[in-house]
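Asks: Supplied in structure tokens, the structure appears directly below.
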Amino acid sequence: MSEQHPDPSEQAYAAWLRERLERYRGGPVDEDVPLTSQGLDSVAALNLYGDIEEEFGPLLDPTDLWEYPTVSALARCLASRDTHPGSLNQVRAAFVFAGQGAQHPFMAAGLYREHTAYRTHLNEACEALLPYTGLSVVDMMLGGDLRIHRTAFTQPAVFAVEYAMGRCLEDAGVLPVAVLGHGIGEFAAATVAGALTLDDAAKLVALRGAFMQYLPSGGGMMATCATPEEAARLMRNEPGVGIGAVNAARATVLSGDDAGLERIRAALEARGIACRRLAVTHAFHSPQMEPMVPRFEAVARRLPGTAARVPFYSTVRGRFTTEPLYGPYWAEHITAPVRFAETARLLLDQQTPTHVVEIGPRTILTPFVRRMGGTAGPVCLSACRGPQTGALHFADMLVELGASPFASSFAGA
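Quick note: the sequence shown uses our numbering, first residue 84, plus one each step.
This is the structure in structure tokens:
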């Protein structure tokens with residue numbers, strides 16, 4: 084009988100685990116002795132889980148560290164689950180759509196100038212928005228108009244850019260295995276996924292932005308390097324402040340009244356935790372938005388909503404959802420926190436994409452996704468890196484995604 088050789092990937096995982104555990108323990112580790120018998124306590128186990136996720140992506144649940152109690156068992160588990168589809172040479176692209184905060188003057192101006200299909204789709208979105216915005220968001224973006232930072236125009240403009248980019252990818256044959264949207268990005272995600280028509284999405288986005296714009300000011304948002312648990316402890320005595328978004332383990336955005344945010348900022352800085360106020364006019368994704376909800380929901384309920392045709396990962400629910408995306412969902416979306424971190428982790432775990440494409444006017448979300456995926460995670464790409472991004476960058480991205488860019492996508496074709 085021939086000698087059975089251990090799986091080389093299993094060996095590699097075992098060596099990595101041994102090195103990491105010896106660092107925790109300060110001495111050698113036996114691969115076949117339960118780790119708890121070798122001094123691995125619950126704190127060290129959670130640290131190890133975090134290190135595994137950062138290095139290799141979401142291959143484990145925390146309870147797996149107890150179900151696979153030895154280095155050998157844990158290495159076998161990791162090797163069996165590491166079915167990164169890139170090895171099959173088959174592209175599986177997930178689309179993530181950026182939210183408010185990605186906007187800037189001259190958004191995607193290079194693409195508009197050089198890429199025929201993008202220009203066509205952006206003009207199409209602008210036409211759908213025009214009855215509600217009263218002016219051309221294309222003219223506003225390309226003219227460097229600073230009103231782009233007013234919520235009534237920010238949200239329609241970001242939606243239009245993302246809708247156009249998503250359609251360009253589909254035109255080139257890049258169809259998503261799943262979509263995810265951050266805040267206002269969920270409207271473009273839902274439209275690309277077939278849950279909303281362009282006309283209905285344009286109406287919802289434009290009215291949403293307008294209703295928000297005319298709410299009383301007096302609230303704001305603050306990005307922090309606190310964990311959600313740390314933030315929650317500081318918010319116990321601040322009923323006017325809540326969590327607006329969780330983008331990563333230490334990227335929690337707070338939203339609420341200005342005075343409460345300032346008190347929390349002082350407490351965070353005293354603890355050495357970095358934070359900064361965001362340049363926004365209102366406390367989005369907070370109860371301060373509630374006065375506009377009935378008016379918006381009355382509009383949204385009159386529009387048909389369907390389930391998405393593409394797996395839709397809801398940052399309202401924190402998971403994959405098949406529910407119809409209609410009035411009640413979009414009303415809840417206004418005040419609900421953006422659960423980006425947990426939703427993105429689930430998408431990576433359940434859909435195992437080879438590539439994640441950030442759709443938006445600049446790179447914001449893919450650094451978070453890259454960290455979640457680790458070295459074995461998906462390739463992260465941005466459809467647009469800023470106003471200078473043009474057709475050649477888009478063509479390079481399509482090649483990376485296994486698609487052939489069409490000559491008619493370029494100006495002058």
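Using N, Cα and C, we set each Cβ at its ideal position, and we do this for glycine too.
Please read these numbers as outputs of a predicted model, since none were measured by experiment.
T153 and P111 - do their beta-carbons sit closer together than 8 Å?
Replies: Going by C-beta atoms, P111 is not nearer than 8 Å to T153.
Asks: Thinking E415 and V399 are a contact (beta carbons under 8 Å), I'd like their distance in whole angstroms, please.
Replies: E415 to V399, Cβ: 6 Å. Contact.
Asks: Taking all protein chains shown into account, do 16 or more other C-beta atoms lie within 10 angstroms of the C-beta of W149, making it buried, or fewer, making it exposed?
Replies: Classification of W149: exposed, given that the 10 Å Cβ count is below 16.
Asks: For the alpha helix (DSSP H) holding Y412, just list the boundary residues, first then last.
Replies: Element bounds for Y412: G410 to T418.
Asks: Are there three or more Cβ pairs, one per stretch, closer than 8 Å when the stretch 218-233 is compared with the stretch 254-268?
Replies: Judged by Cβ distances under 8 Å, the stretch 218-233 makes no contact with the stretch 254-268, as fewer than three pairs qualify.
Asks: Starting from V329, follow the beta strand (DSSP E) in both directions and report where the run begins and ends.
Replies: First-last of the beta strand (DSSP E) with V329: V324 to A331.
Asks: Tell me which residue opens and which closes the alpha helix (DSSP H) that M248 is part of.
Replies: T234 to D254 is the span of the alpha helix (DSSP H), which, as asked, contains M248.
Asks: What is the DSSP secondary structure of E207, reduced to helix, strand or coil?
Replies: Reduced to three states, the DSSP call for E207 is helix.
Asks: Measure the C-alpha to C-alpha separation of A181 and T364 and round it to an integer number of angstroms.
Replies: Each residue's Cα considered, the two are about 19 Å apart.
Asks: Please say whether G292 and P239 have beta carbons closer to each other than 8 Å?
Replies: Yes, these two residues count as a Cβ contact at 8 Å.
Asks: So, for D282: in the same chain, excluding its five sequence neighbours on each side, which residues have a beta-carbon less than 6 Å away from its beta-carbon?
Replies: The residues are A211.
Asks: Starting from V393, trace the alpha helix (DSSP H) both ways and give me its first and last residue.
Replies: No alpha helix (DSSP H) contains V393, which DSSP labels as neither H nor E.
Asks: How far does the alpha helix (DSSP H) with M304 in it extend, from its first residue to its last?
Replies: Element bounds for M304: not the alpha helix (DSSP H) but the beta strand (DSSP E), G302 to T307.
Asks: Any idea what DSSP makes of C358, helix, strand or coil?
Replies: If DSSP states are grouped into helix, strand and coil, C358 belongs with the strands.
Asks: Would you tell me roughly how many angstroms separate the C-alpha atoms of G323 and D340, rounded to the nearest one?
Replies: The alpha-carbon atoms of G323 and D340 are separated by roughly 6 Å.
Asks: Alpha carbon to alpha carbon, how far is L287 from A383?
Replies: Near 7 Å, if we compare the C-alpha coordinates of A383 and L287.
Asks: Can you list, in chain order, the residues of its chain whose CB lies under 6 Å from that of R453, leaving out five sequence neighbours each side?
Replies: Taken in chain order, the residues that qualify are C463.
Asks: In whole angstroms, what separates the C-alpha of A127 from that of S120?
Replies: When rounded, the distance between both Cα atoms is 13 Å.
Asks: Closest to Q371 by CA distance: which of R333, E380, A419 and A390 is it?
Replies: If we check each option's Cα against that of Q371, A419 comes out closest.
Asks: Name the residue from T435, L100 and C467 whose alpha carbon lies nearest to the alpha carbon of T446.
Replies: It is C467 whose Cα lies nearest to the Cα of T446.
Asks: Smallest Cα separation from A315: which of V329, G303 and G302?
Replies: Closest option to A315, Cα to Cα, is V329.
Asks: T472: buried (16+ other C-beta within 10 angstroms of its C-beta) or exposed?
Replies: Flag for T472 reads buried.
Asks: Can you list, in chain order, the residues of its chain whose CB lies under 6 Å from that of A192, leaving out five sequence neighbours each side?
Replies: Around A192: L225 and P470.
Asks: Any contact between the stretch 305-315 and the stretch 338-353? By contact I mean 3 or more CB pairs, one from each, below 8 Å.
Replies: Result yes; three or more Cβ-Cβ pairs closer than 8 Å.
Asks: Grab me the residues of L171's own chain with a C-beta within less than 6 Å of its C-beta, minus the 5 sequence neighbours each way, in chain order.
Replies: Since pLDDT at L171 reaches only 36, below the 50 mark, its modelled position is unreliable, and the value read off the structure follows with that caveat. Nothing listed; no residue qualifies.
Asks: When the Cα atoms are used, what is the spatial distance from E483 to G268?
Replies: Roughly 24 Å between the two C-alpha positions.
Asks: Do V262 and A276 have their CB atoms nearer than 8 Å?
Replies: Against a cut-off of 8 Å, the Cβ pair of A276 and V262 comes out as a contact.
Asks: From this set, A158, D115 and D113, which residue's C-alpha is nearest I135's C-alpha?
Replies: Among A158, D115 and D113, the Cα nearest to that of I135 is on A158.
Asks: Give the straight-line distance between the Cα atoms of A331 and A424, rounded to the nearest whole angstrom.
Replies: Roughly 5 Å between the two C-alpha positions.
Asks: Measuring alpha carbon to alpha carbon, tell me which residue in V221, A200 and S300 is nearest C209.
Replies: Minimum Cα distance to C209 is reached at V221.
Asks: Quick one: measure Cβ to Cβ for L344 and M305, integer angstroms, because I've assumed they're closer than 8 Å.
Replies: Going by Cβ atoms, the distance from L344 to M305 rounds to 5 Å, so yes, they are a contact pair.
Asks: Could you tell me the distance, in whole angstroms, from the CA atom of E197 to the CA atom of A459?
Replies: The straight-line gap from Cα to Cα measures roughly 35 Å.
Asks: Kindly give me the distance between the Cβ atoms of E274 and Y246, rounded to whole angstroms, as I take these residues to be in contact under 8 Å.
Replies: Looking at the sequence itself, residue 274 is Thr, so the reference to Glu does not match. Correct: roughly 6 Å between the Cβ atoms.
Asks: What residue does the beta strand (DSSP E) around F403 start on, and which one ends it?
Replies: R402 to T404 is the span of the beta strand (DSSP E), which, as asked, contains F403.
Asks: Would you decide whether G410 is buried or exposed? Buried here means 16 or more other CB atoms lie within 10 Å of its CB.
Replies: Buried.
Asks: Using a Cβ-Cβ cutoff of less than 6 Å, which residues in the same chain neighbour V393 once the five nearest sequence positions on both sides are dropped?
Replies: Hits under 6 Å: P259, V262 and A276.
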